[in-house]
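Residue numbers (UniProt numbering), protein chains in the order written: chain A, 1 to 129; chain B, 1 to 129.
There are 2 protein chains.
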Amino acid sequence: MKFDDKIPIYYQIKNYLYHEMMTGALKPGDKLPAVRQLAVDLTVNVNTVQRALGEMITEGILESQRGKGNFVTMNEQRITRLKEQLVMEQLERVYEQLHALNLTDEQIITSLKQYIAQRGQRDDQRVSD
Amino acid sequence: MKFDDKIPIYYQIKNYLYHEMMTGALKPGDKLPAVRQLAVDLTVNVNTVQRALGEMITEGILESQRGKGNFVTMNEQRITRLKEQLVMEQLERVYEQLHALNLTDEQIITSLKQYIAQRGQRDDQRVSD
DNA sequence: CCTAGTGTTCTATTTAACTATTACACTATA
DNA sequence: TATAGTGTAATAGTTAAATAGAACACTAGG
């Protein structure tokens with residue numbers, strides 16, 4: 001896995017696992033790969049994986065069972081709330097950044113629409129999906 | 001100045017200066033505060049400031065004159081391109097992140113609109129501007 | 001009971017970022 | 001020419017993140 005060296009790896013691992021949960025690749029109750037296996041898959045050290053998982057366990061998103069494995073919480077509300085929170089964080093950040101670049105609310109929305117439209121064109125050229 | 005400890009300070013300083021240029025607080029040809037003064041203002045070390053400025057000089061956004069100071073480039077096209085690039089980076093990032101959270105193109109635009117609308121309400125309560 | 005698979009913890013080491021301090025190079029000006 | 005203000009560079013020390021390696025604790029199944 002490729003990492004952005006501007007951001008701590010354990011932090012990027014958390015985001016990776018969040019996304020796996022949001023897209024349904026990891027569902028409530030699912031068992032995660034073993035920490036040693038995750039470390040191999042992500043080409044990082046076990047301790048780095050453990051740090052990421054440790055925080056997610058503290059947050060109540062994951063549940064650890066010693067000797068068995070790490071599991072996604074069965075509490076679906078927690079996952080729903082997490083998704084809302086992650087979306088909100090992204091919106092806040094992009095809004096503040098673009099606002100700081102002196103774009104108006106209108107310009108922010110317009111530029112996003114344009115970006116998506118252009119991206120659509122670009123993707124259409126690759127696959128006529 | 002407050003920094004996000006997830007991101008290198010020199011990197012955040014670059015962004016800060018970018019924003020100063022985008023909002024017109026720093027115009028083409030303007031002289032920046034002395035590196036030592038910037039270090040005091042931002043409560044960081046001179047070397048950290050220097051690292052940020054050094055990269056911006058390499059990028060051609062700033063021009064350094066030994067003994068005189070650091071200046072914003074007179075080449076306005078470079079600044080225009082920089083702004084376009086910064087906006088595009090933000091759009092790309094938020095799009096990819098929200099897409100990874102399984103939102104459709106439509107949902108991405110809608111959620112941003114909603115966010116801005118809600119934010120507008122919130123701001124209206126504070127100041128009837 | 002033994003073993004394989006799992007999570008957990010610890011120590012030591014390396015590396016990048018940041019800091020602290022000092023020195024050097026150049027410019028303007030009194 | 002002396003001095004103050006500026007950028008530049010080098011050295012040394014600190015800290016957080018990441019790595020490497022080992023040991024410990026628990027579970028399941030033969």
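Beta carbons: idealized from backbone N, C-alpha and C, even for Gly.
Identification of residues in the region 81-113 of chain A having a C-beta nearer than 8 Å to some C-beta of chain B yields K83, L86, V87, M88, Q90, L91, E92, R93, V94, Y95, Q97, L98, A100, L101, N102, L103, D105, I108, I109, S111, L112 and K113, given in sequence order. Between B:D41 and the set B:R51, B:A25, B:I61 and B:I13, the nearest pair of CA atoms involves B:I13. Contact with chain B is absent for A:T58, since none of that chain's Cβ atoms lies less than 7 Å from the residue's Cβ.
A contact is defined here as three or more CB-CB pairs under 8 Å, and the region 61-79 of chain B fails this definition with respect to the region 1-10 of chain B. Looking at the DSSP output, A:E63 shares a beta bridge with A:F71. Linking B:L86 to B:P33 through their CA atoms gives a straight-line distance of about 23 Å.
Boundaries for A:M1: no alpha helix (DSSP H) harbours it, and the DSSP string shows neither H nor E there. With a threshold of 7 Å between beta carbons, A:Y115 makes contact with chain B. Taking a contact as a CB-CB distance under 8 Å, the pair A:I116 and B:I109 counts as one, their CB atoms being some 7 Å apart. A Cβ-Cβ distance of about 6 Å is found for the pair A:L91 and B:S111, placing them in contact under the 8 Å criterion. For A:I7, there is no enclosing alpha helix (DSSP H), as DSSP gives it neither H nor E. Burial check for A:Q114: the Cβ neighbour count within 10 Å stays below 16, so the residue is exposed. Interface residue (Cβ-Cβ distance to chain A less than 7 Å): B:I7 is classified as such.
Residues of chain B with a Cβ closer than 8 Å to the Cβ of A:Y11 are, in chain order, K6. For A:M22, the C-beta contacts it makes with chain B under 8 Å involve A100, L101 and N102, in order along the chain. Between the region 93-102 of chain A and the region 19-27 of chain B, the count of Cβ pairs shorter than 8 Å is three or higher; the stretches touch.
Taking C-alpha positions only, A:D30 is separated from B:V46 by approximately 50 Å. Close CB contacts of B:R36 within its chain, under the 7 Å cut and outside five residues either way in sequence, are with V46 (chain order). Rounded to the nearest whole angstrom, the C-alpha separation of A:M1 and A:T43 is 7 Å. Contact annotation, A:L101 with B:K83: C-beta distance approximately 6 Å; criterion of less than 8 Å satisfied.
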